[in-house]
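To get the numbering used here, take the position in the sequence shown, counting from 1, and add 16. For each residue, glycine too, the CB sits at the ideal point set by N, CA and C.
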Amino acid sequence: MVDEHIIEQEIAQVRAYWQDHQEEVAWAAQTVFMGYVEPAYLTEPDAPLDEGALLPLFAEWALFEFPYFAGKTPFEHFVRHHVAGKPHLSPETQERLTAIADTQFFSRFEILGKDTERLICTLRDVCDNARYAVYDPYLCSVERWNTGTIAERIARVDGMWRGIGRVHLYDRAPHEATDEDGPGMFHPEDRTRKPEGAYLGFYLRLVRDIAGREGRYRAGATYGVAQAMP
């Protein structure tokens, strides 16, 4: 099994590339993100998620979710094309990054159990009930996150599912409380307020729910922990 830090370093190469070339994507990404989320902090100084807390949520979306390049995300575009200034990648790195591009997704998962010795978490996707055994040292390291749900990004790399994103959003409420119409779902009121949410994706809807001015769950006491990894 390839070491987790190697994969983190490989993903970091992609992040670093787009940090150096952000002028290609940043303005368009910010326009879509801010226009849909409508962050509460812009009008409410005491909003739970301020600009600093929202920045890593935006960065994660812009890299993995924003279909800017003919329907491809910046991550996919980097992996699949010879972009200007792209660093040399070994065949092994290219293979792993391609696997991430092909399989990664973000969802909310019920935490069914943790094996802290093997660093494997058993998770159930609340959107389709699929179960995953996920190698996730970070989730295993947070002792209090044993029940409820965790919203995070996973991908199948080197033969196993792994947590690969920097954003973890934990909800201590029982999964039954949010399975049907919880954070990230397309809510009935969205049909009139934000109909574009139907195609903008689960991740962006979730961020709006917890950080937007009209976010359904932003005031919920049980959805108060947002962790962005350094």
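Residue i vs residue j beta-carbon contact at 9 Å
i	j	result
Glu76	Gly200	no
Arg224	Val53	yes
Glu126	Gly164	yes
Tyr219	Phe122	yes
Val18	Asp174	yes
Arg172	Ala115	yes
Candidates the options: closest to residue i by CA position
i	options	result
Leu222	Pro55, Gly175 and Ile23	Pro55
Ile27	Val53, Val150, Ile170 and Ser123	Ile170
Glu92	Gly101, Glu212 and Glu81	Glu81
Trp161	Val30, Asp187, Val99 and Tyr215	Asp187
Val30	Arg140, Pro103 and Lys210	Pro103
Arg229	Gly51, Gly129, Ala44 and Gln25	Gly51
Glu20	Lys130, Ile136 and Gly231	Ile136
Gly231	Tyr215, Val158, His203 and Ala214	His203
Lys88	Glu111, Pro107 and Ala117	Ala117
Ile226	Leu70, Tyr151, Leu128 and Ala149	Leu70
Those residues which DSSP pairs with residue i across a bridge
i	result
Glu168	Ser123
Asp131	Ile136
Gly179	Ile170
Lys88	Phe85
Val150	Cys137 and Trp177
CB contact check: residue i to chain C, cutoff 9 Å
i	result
Glu168	In summary, chain C is missing from the structure at hand, where a single protein chain is found.
Inset, instruction - Say whether the segment 178-192 touches the segment 32-51, bearing in mind that this needs 3 or more beta-carbon pairs closer than 8 Å, one atom from each stretch. - result: no
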